[in-house]
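Data first, discussion second: the structure below is written as structure tokens.
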Amino acid sequence: MNSSTPGIEAELHARRAASFGAKAAAYAAHRPDYPEKALAWGLAAASDSPKQVLDLGAGTGKLTGGLLALGLAVTAVEPDAQMLEELTKAYPAVTPLIGTAEKIPLPDESVDAVLVGQAFHWFDLDRAYPEIARVLKPGGVLAALWNHDDESAGWPAEFNKLIKSTASRRWLSDYESLPEHEAFEPFEKATFGHKQPRTAESLVETIATHSHLLVAPEAERAAKLRAAREFLDRNPETASGEFDLPLTTTVFRTRRR
Ligand SMILES: C[S@@+](CC[C@H](N)C(=O)[O-])C[C@H]1O[C@@H](n2cnc3c(N)ncnc32)[C@H](O)[C@@H]1O
1 MNSSTPGIEA ELHARRAASF GAKAAAYAAH RPDYPEKALA WGLAAASDSP KQVLDLGAGT
61 GKLTGGLLAL GLAVTAVEPD AQMLEELTKA YPAVTPLIGT AEKIPLPDES VDAVLVGQAF
121 HWFDLDRAYP EIARVLKPGG VLAALWNHDD ESAGWPAEFN KLIKSTASRR WLSDYESLPE
181 HEAFEPFEKA TFGHKQPRTA ESLVETIATH SHLLVAPEAE RAAKLRAARE FLDRNPETAS
241 GEFDLPLTTT VFRTRRR
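With the UniProt record's numbering applied, the sequence shown covers 1 to 257.
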């Protein structure tokens with residue numbers, strides 16, 4: 001998230017940030033969307049009701065779909081062409097642009113809101129904040145969202161401990177706030193309950209799209225995926241047929257000064 005991250009860590013960060021395209025179709029098929037109430041809360045920080053929205057780090061369009069359902073005009077910016085190809089298949093009417101948070105291919109003050117799903121932790125914020133401030137109208141909103149398993153349900157905590165790899169790390173959404181910047185008001189944080197219908201097979205497919213496993217050595221990746229499947233097959237809540245995976249959606253929102 002910061003250009004000053006030293007050596008090996010910065011190299012791993014860059015590899016993880018660029019790892020998703022190899023599994024773009026699986027990502028589109030298996031990753032969760034975002035609950036409407038979380039999107040609405042994020043957008044509500046804007047001075048005027050948003051119409052033009054940028055989905056930044058849009059991937060295959062998990063967040064784009066929710067924004068379109070709210071009747072918003074969406075532009076999707078994403079660095080990975082394979083991810084963007086999946087987005088275009090799902091949402092052909094959305095304008096897809098190759099770009100990054102550090103170099104957004106949009107004019108100054110052209111959008112009312114910038115929303116970021118599960119991607120803010122990949123940005124170099126020293127460069128991304130001024131870029132986001134540049135494309136946002138004054139009073140416009142920046143909101144960052146993350147989905148996580150709701151570990152209070154018991155088995156997801158055990159499951160997540162099992163699939164942790166040598167590349168795993170702490171999540172930005174665990175923090176009370178995000179790093180601040182003079183162009184933005186202080187962040188507010190809220191969490192929302194969410195869930196996703198799953199089978200053991202689809203949950204294993206999902207974790208195979210997590211960047212820490214995409215960049216893990218092949219033997220470690222295979223062992224983790226095998227252990228995940230074995231756990232789900234013996235755990236009574238997940239052993240047969242469809243089950244709901246309990247999720248928490250964390251949202252941070254701020255307004256451009
Ligand atoms: C975990 S995926 C999230 C995709 C989508 N927003 C979602 O909610 O499913 C992270 C995405 O961030 C993109 N990404 C990585 N570094 C980025 C950067 N510096 N600027 C913009 N997007 C970036 C990746 O290519 C990937 O598509």
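Every residue gets a Cβ at the ideal spot worked out from N, C-alpha and C, and that includes glycine.
Using DSSP with H/G/I as helix, E/B as strand and the rest coil, what is residue i?
i, result
"Pro78", "The sequence shown places Glu at residue 78, rather than the Pro named in the question. Three-state DSSP puts Glu78 in a strand."
"Ala25", "helix"
"Arg188", "Per the sequence presented here, residue 188 reads as Glu, with Arg not at that position. Three-state result, Glu188: strand."
"Ala128", "helix"
"Asp233", "helix"
"Lys37", "helix"
"Lys51", "coil"
"Pro156", "helix"
"Leu142", "strand"
Opposite residue i in the DSSP bridges: which residues?
i, result
"Gly193", "Thr248"
"Thr95", "Thr75"
"Asp149", "Leu247"
"Leu136", "Val111"
"Gly7", "Looking at the DSSP assignment, Gly7 forms no beta bridge with any residue, so it has no partner."
"Lys103", "Thr100"
What does a CB cutoff of less than 6 Å around residue i pick up in its chain, not counting 5 residues either side in sequence?
i, result
"Ala157", "Glu151"
"Arg229", "Val204"
"Ala76", "Asp55, Ala58, Thr64, Leu87, Val94 and Pro96"
For residue i, which option in the options has the closest C-alpha, if you only look at C-alpha atoms?
i, options, result
"Phe20", "Thr88, Leu39 and Gln82", "Gln82"
"Thr60", "Trp41, His194 and Tyr91", "Tyr91"
"Glu242", "Leu232, Arg198, Thr248 and Thr250", "Arg198"
"Lys62", "Gln196, Arg256 and Glu201", "Gln196"
"Thr100", "Thr254, Lys89 and Pro130", "Pro130"
"Lys23", "Leu39, Leu43 and Leu84", "Leu84"
"Glu180", "Thr254, Ser165, Ala38 and Gly139", "Thr254"
"Ala183", "Ala208, Arg134, Lys161 and Leu245", "Arg134"
"Arg105", "Ile132, Ala167, Asn160 and Ser168", "Arg is not the amino acid found at residue 105; the sequence shown has Pro there. Among Ile132, Ala167, Asn160 and Ser168, the Cα nearest to that of Pro105 is on Ile132."
I think residue i touches residue j, with their Cβ atoms under 8 Å apart; what is that distance to the nearest whole Å?
i, j, result
"Asp80", "Glu102", "Contact doesn't hold; Cβ gap of about 15 Å is too wide."
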